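Accompanying notes for the structure given below.
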Amino acid sequence: MPESHQSCTPRVPATSSGTALSLPILAGSGGSTGHGHEDPHVPKGPGAPHSRMGWRRAVVLAVIQLLMIVHVVQWLWSGTTISPIEPSEAMETAKYGVINVGTIFFALALLSTAILGRWFCGWGCHVVMLQDFCGYLMRRIGIRPRLFRSRLLLWLPLCLAVYMFLWPVVYRVAIAPYTRPELQWSGFSLHLTTTDFWATFPGLLMAVPFLLVCGFLTVYLLGAKGYCTYGCPYGGFFAPLDEVSPVRIRVTDACTQCGHCTAVCTSNVRVHEEVRDFRMVVDQGCMKCLDCVSACPEQALHVGWGTPAFLAKPVGAAAGGAKPEASAATRRWDLTWNEEIALALVAVGGFFAVRGELGVPLLFASGIAICAVAMAWLVWQLVARRDARLHRWQLKRAGRVTGAGAAVGIVSLACLGGVGAIGAVNAQFALASFDHERALVAPQVVFGGAGTKAADETQARARRGLARFERALAWADALGVGGFVRSSAEVRMAWLDSVVGDYASADGRLRACIAREGMSEGLAISLARVLRGSGDRGGGVALARAEWERHPEWTSLREELINFLVIDDQFDDAYEVARKGLEFSPDDPVAQRRLAAMLVESVRSNFVQEGLSILDKLEAKDPENPLLMLARSIGLQRLQRFDDAERVLRRAIELSPDDWRLHQALGDMLMSIDRQKEAGPIMRKAGELRVKSMKK
149 MPESHQSCTP
159 RVPATSSGTA
169 LSLPILAGSG
179 GSTGHGHEDP
189 HVPKGPGAPH
199 SRMGWRRAVV
209 LAVIQLLMIV
219 HVVQWLWSGT
229 TISPIEPSEA
239 METAKYGVIN
249 VGTIFFALAL
259 LSTAILGRWF
269 CGWGCHVVML
279 QDFCGYLMRR
289 IGIRPRLFRS
299 RLLLWLPLCL
309 AVYMFLWPVV
319 YRVAIAPYTR
329 PELQWSGFSL
339 HLTTTDFWAT
349 FPGLLMAVPF
359 LLVCGFLTVY
369 LLGAKGYCTY
379 GCPYGGFFAP
389 LDEVSPVRIR
399 VTDACTQCGH
409 CTAVCTSNVR
419 VHEEVRDFRM
429 VVDQGCMKCL
439 DCVSACPEQA
449 LHVGWGTPAF
459 LAKPVGAAAG
469 GAKPEASAAT
479 RRWDLTWNEE
489 IALALVAVGG
499 FFAVRGELGV
509 PLLFASGIAI
519 CAVAMAWLVW
529 QLVARRDARL
539 HRWQLKRAGR
549 VTGAGAAVGI
559 VSLACLGGVG
569 AIGAVNAQFA
579 LASFDHERAL
589 VAPQVVFGGA
599 GTKAADETQA
609 RARRGLARFE
619 RALAWADALG
629 VGGFVRSSAE
639 VRMAWLDSVV
649 GDYASADGRL
659 RACIAREGMS
669 EGLAISLARV
679 LRGSGDRGGG
689 VALARAEWER
699 HPEWTSLREE
709 LINFLVIDDQ
719 FDDAYEVARK
729 GLEFSPDDPV
739 AQRRLAAMLV
749 ESVRSNFVQE
759 GLSILDKLEA
769 KDPENPLLML
779 ARSIGLQRLQ
789 RFDDAERVLR
799 RAIELSPDDW
809 RLHQALGDML
819 MSIDRQKEAG
829 PIMRKAGELR
839 VKSMKK
């Protein structure tokens, strides 16, 4: 993205003498002059420029908010609704191939932007409505936020967009095959409805601070639409797409360069200069709000088709005037390049500091990051500049910090220190989680109840992880935020306790979590496992059974209970639980597969026949599933139908030739019917595939 195309960077050609042309801008309803200061000689009142489009856009945005509320109410009323109509939902497509309504909506928004320009930001975004409302309130009390002008920070939205929507694809395609081969791509799937509408949205404790930071604080510190300019990841795609749009704000010869258009623009675009130099608005920050069109006293501005921005040439170039690069000296930035680089590092550090265990949503994190940049800039001005201002406040005059400056500096340093402290806690949690994820040991070793232990190296890693979790929780408590992360941390600590054989500590941590938050499916499974690992097998079964009977919808707990019963040779009880699970959820394929697998392995022929009947129904929906074929072959062997079993297994191997379990099952069957010569090569193949699978 060339610098001359950046928002806040109008391409202004110079005159033949090398100086840029510019006119004073009237201080109307829209904000400041191009440099953040109102002209005291411009009269206020009825003669000031005014947009007639603002109230119309406010009505449109209010209707959109109302529709969003109706969507939520409809979900609360019926329990099912279409998935959120929110661009961030497209991350599900990038990560998992799930195409939802949000993905379709975002794709249409991008396509329309390439044709109509960046209209969605101005007319369809609730965060823009929030920023405009906050800006309106500030103007009512005499505060006119000045645009913070940074070159590097303009790249943040694009970087965030790549991080959200492109990086997951790159990771899955180019990195995961070598580092996490278990992340198999399952293809695209269509999910247009949901029963858990709020699953990807924050609660009130996160939503209210988000509105305050991304609505009010970004405008106050960074200028009108400061979040759009420097923090919005969707803008990272919308802005460059605006370059190719043939629909733009254009001008006729009736323009008198009065500056009303720039005065009412709330997107920080120097409209009068752009239409003078390019006969249209080329700035990517233009959100097609149409304030400039409605405020033009000569009706010289209009929306029209024509040359897109990336092909625009200054009107003076054709007559021998200066090229666009000649105007670089006329651009005004707030930062030197050294300051740009330093504050870019602040932005990156601030973003990742608040994205960990004590994490906030990505959009909120970007708002915090750019506010941290503005605060760091204020502190730097107090240190390095002779004079400094923040709106009407004189922070430093002739090298001396004023009382207001001291207050602003203290508040800014406190906020930056808070972000840094949260980053330190998150870093400690990240190290602890690293140890947790690499305390690799089979659950049957930890929870088998036979006194088996993990390897010494694994136990050492678990102890290191426990120490780091304890340290991170202590730091979080010191910041007063430990309650937000304690339960999540202690569940993982309970696993590490179990790895080192300290089941009493694991039991205590889990029961403390249950006392704070109530029983959940995950906590029930974890506590039942810990009880069995400590030697109380019956207690683990009893707890799992009691909780599942209270919550028959907890399918994972049901499967865990069945595993316990099978391991303990309580097959009749396992059959009973599996049948009840299927009765509760007759269309649940997991329950069907579990009962079928248990029945076909039974020594009772009537059970085997029942299992094969269930497999018939499953295979009708999924006829080429190798694992269903494996289960069928087991049942056929129980009925002494070895030829049919062999045929089914060989077909399964054709469908999944790298699955060692299929080769193993075929080899075992051939061995059992005295066909050892044929079984030998198949068993060797199974061993090779198993070793390869374990290495992955």
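Quick note: the sequence shown uses this note's numbering, first residue 149, plus one each step.
C-beta: ideal position from N, C-alpha, C; glycine also.
All of these numbers come straight from a predicted model, not from anything done at the bench.
Return the chain-ordered list of same chain residues with a C-beta closer than 6 Å to the C-beta of residue i, the five sequence neighbours on each side being excluded.
i	result
G283	V367 and A372
A722	I710, L713 and V714
L579	R616
R659	none
List the DSSP bridge partners of residue i.
i	result
K544	A536 and V549
H450	R398
P229	First, the residue type needs correcting, since residue 229 is Thr and not Pro in the sequence shown. Looking at the DSSP assignment, T229 forms a beta bridge with T342.
M428	R398
V246	S337
What's the call for residue i, buried or exposed, on a 16-neighbour Cβ count within 10 Å?
i	result
Q592	exposed
L776	buried
P805	exposed
H584	buried
G599	exposed
L807	In the sequence on display, residue 807 carries Asp and not Leu. Result: buried.
I570	buried
T261	buried
T848	Because the chain here runs from 149 to 844, residue 848 falls outside it and cannot be looked at.
S334	exposed
Y651	buried
A457	buried
P462	buried
Taking residue i as the reference, which of the options has the closest Cα?
i	options	result
L763	P737, K840 and V725	P737
T455	V441, Q447, C444 and V429	V429
V556	L526, V647, E826 and S704	L526
L256	L360, L285 and F268	F268
G846	L389, V249 and I233	A query on residue 846 cannot be resolved here, the shown segment of the chain reaching from 149 to 844 and no further.
L784	V751, Q812 and E772	V751
A347	L300, K833 and T228	T228
G835	E669, G565, R823 and H811	H811
V417	Y382, G374, P445 and F458	G374
L295	R288, V451, F426 and S415	S415
A517	F426, P305, C661 and R424	P305
C519	K461, G681, L370 and D439	L370
Y382	F254, A642, V208 and V689	F254
Q529	V508, S560, P509 and F500	S560
T341	S820, I230, I212 and R838	I230
W623	E665, A572 and C661	A572
M354	V211, P509, V321 and K243	P509
A460	Y319, E446 and S393	S393
F345	M435, I233 and C362	I233
D792	M817, R809, V441 and A580	M817
L310	M667, L627 and A242	Residue identity differs from the one stated: residue 310 is Val in this sequence, not Leu. Measuring from the Cα of V310, the nearest candidate turns out to be A242.
Could you pull out every residue in the same chain whose Cβ sits closer than 7 Å to the Cβ of residue i, ignoring the five residues on either side in sequence?
i	result
E749	I782
A587	T606, R609, A610, G613, L644 and V647
S704	E669 and I673
W696	W702, L705, R706 and L709
S653	D645
V756	L747, V748, S750, G783, R786 and L787
P445	C406 and H408
Q542	T550 and A552
Once the 5 residues before and after residue i are set aside, which same chain residues still bring their CB inside 8 Å of it?
i	result
L691	A672, L675, A676 and L679
V725	R693, W696, R706, L709, I710 and L713
M239	M312, F313 and P316
Q213	H274 and M277
With a threshold of 7 Å (Cβ to nearest heavy atom), would residue i be considered close to the ligand NAD?
i	result
R659	Among the components modelled here there is no ligand, and therefore nothing to report on the ligand NAD.
Check whether the region 528-536 and the region 492-507 are in contact - that is, three or more C-beta pairs closer than 8 Å. Contact fails: fewer than three Cβ-Cβ distances are below 8 Å.
Between the region 201-214 and the region 263-282, are three or more C-beta pairs nearer than 8 Å? yes
Under 8 Å, with one C-beta from each stretch per pair, do the region 410-425 and the region 546-556 reach the 3-pair mark? Touching, no, given that fewer than three Cβ pairs across the two stretches are closer than 8 Å.
With three or more C-beta pairs closer than 8 Å as the rule, is the region 604-619 touching the region 478-493? Verdict: no, contact absent.
Is there contact between the region 220-230 and the region 310-329, where contact requires at least three CB pairs shorter than 8 Å? no
Evaluate the contact criterion for the region 636-643 versus the region 509-527: three or more CB pairs, one atom per stretch, below 8 Å. Between the region 636-643 and the region 509-527 there are fewer than three C-beta pairs closer than 8 Å, too few to call the two in contact.
For the 8 Å Cβ check, are there 3 or more pairs between the region 388-406 and the region 348-359? Of all C-beta pairs linking the region 388-406 to the region 348-359, fewer than three are shorter than 8 Å, placing the two stretches out of contact.
Counting pairs of Cβ atoms below 8 Å between the region 287-302 and the region 480-488, do you hit three or more? yes
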